[in-house]
Amino acid sequence: MDKAVDAAIKREKVKEAATALIAYHKTKKDANEMLFGEPLKVQLQISVWKITTKKSTTHKLKLPHRPHAGSLSVCLFVKDEPKMDSDRCQVHYKDKISSKGVTNVNEVIPLKMFKKEYIPFEARRKMAKSYDLFLADERIFRLLHSSLGKEFYKRNRYPVTVNVEKADLKKEITETIEAAYLILTHRGSCSTVAVANIGMSAKDITDNILSAIASLKTIVPGGWSNVKSIFVRTEKSVSLPIYTSLVHEEWEQSEETEIVIDNSDIKKMQKQMRFEAKEAAKKDPQDEEDEDETPKKTLKRTKEETVTPAKLVKKAKQGSIGRASLRKPTPKVGGKKKK
150 MDKAVDAAIK REKVKEAATA LIAYHKTKKD ANEMLFGEPL KVQLQISVWK
200 ITTKKSTTHK LKLPHRPHAG SLSVCLFVKD EPKMDSDRCQ VHYKDKISSK
250 GVTNVNEVIP LKMFKKEYIP FEARRKMAKS YDLFLADERI FRLLHSSLGK
300 EFYKRNRYPV TVNVEKADLK KEITETIEAA YLILTHRGSC STVAVANIGM
350 SAKDITDNIL SAIASLKTIV PGGWSNVKSI FVRTEKSVSL PIYTSLVHEE
400 WEQSEETEIV IDNSDIKKMQ KQMRFEAKEA AKKDPQDEED EDETPKKTLK
450 RTKEETVTPA KLVKKAKQGS IGRASLRKPT PKVGGKKKK
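Residue numbers (this note's numbering): 150 to 488.
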């Protein structure tokens, strides 16, 4: 690992957390120990100081040990071949990956077939739930990315690019399936990545965690200094802290902005406080009551003076004042003054 990362993350502390998770789940004899018949995932929760990405990004983490307990259901999106309809194109790519020895891809779907047959919302929602991982031919990734819909992104089913033209296609697809994927979103400061499973040994879990953390320096925008905290957990356990940064490096004051407080400053502050205390003791309580009452009367007069004709008309419509009060007074002609 990097020297800064190595100084902050101690292997003994990570192994201690991994051992604690294994011990916790060994005490569970009921359904909490397994989820859908498979060991629970060991996840890293990574929190950053600043969100600098404007869109979600997926990052591949190569780990020393396979993080998944069982086989994953995988769907591969491929490019449409010229002079082939969708069905022929699908058969063409299935034969191609089979001839290369690829056996861990469950379904192959050309782009046109996906856009034609998976238009309804329910069909895409069902598809997003049906597979653990989606792979996409790198030649159509941009076209596919805008056509998936919110159900894929709500479930973090972001497609991962592969090069289906590679000579060693089996190695390309196998390494992609067995990697872990960290998704950094612009919607929040916390991200989660599954790096192991509870059925692995404490040593293997520790190796995977340290390998994933070492990648954060180049993956997280701003580097290691932007990492605020890292916790390790499973879907059924509490989060155990393995790294916490209390101060962001940009908060550190430079020599030019450093504030130095000497004894004379403290004496001046104490003198000012004693003076204010004496002035407060000299004040007559009756004067304070008068000061409190005066603003109230002033506010009341101000409120009465701010009545506008529009407000009077509104009150008249509501019946709160008589309409006669809104009429202009008619001058008396030739009238006599009463004595």
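Where a beta carbon is used, it is the ideal one built from N, C-alpha and C, also for glycine.
None of these values were measured; they are calculated from a predicted model.
ask   = Would you report the Cα separation of V197 and G250, rounded to the nearest angstrom?
value = 41 Å
inquiry  = So, with DSSP's three-state summary, where would you put L225?
reply    = strand
query = Can you tell which of T252, P308, E287 has its C-alpha closest to the C-alpha of A277?
reply = P308
inquiry  = Going by beta-carbon coordinates alone, are V344 and P216 separated by less than 8 Å?
reply    = yes
inquiry  = Excluding the 5 residues flanking K452 on each side, which residues of the same chain have their C-beta closer than 7 Å to its C-beta?
reply    = In this prediction, K452 scores a pLDDT of 46, lower than 50, which makes its location untrustworthy; the coordinate-derived value is nonetheless stated afterwards. Once the five neighbours on either side are set aside, K452 has no close Cβ partner at all.
request  = Report the partner residues of Y392 according to the DSSP bridge assignment.
outcome  = I379
query = What's the C-alpha gap between K431 and R423?
reply = 13 Å
message = Could you check whether K204 and Y330 sit closer than 8 Å to each other, using their CB atoms as the reference points?
response = no
inquiry  = For A218 and G348, I'd like the C-alpha separation in whole angstroms.
reply    = 7 Å
ask   = With a Cβ-Cβ cutoff of 8 Å, do V223 and K243 count as a contact?
value = no
task = Return the Cβ separation of R356 and H214 in integer angstroms, given the expectation that the two are a contact with Cβ distance under 8 Å.
result = In the sequence under discussion, the amino acid at residue 356 is Asp, which differs from the Arg named in the question. The Cβ separation is near 6 Å, so the contact holds.
task = Closer than 8 Å by C-beta to K420: which residues in its own chain qualify, once you throw out the five before and the five after it? Chain order, please.
result = none
Limits of the unbroken alpha helix (DSSP H) element including V163 = 160 to 175
inquiry  = So, with DSSP's three-state summary, where would you put T323?
reply    = helix
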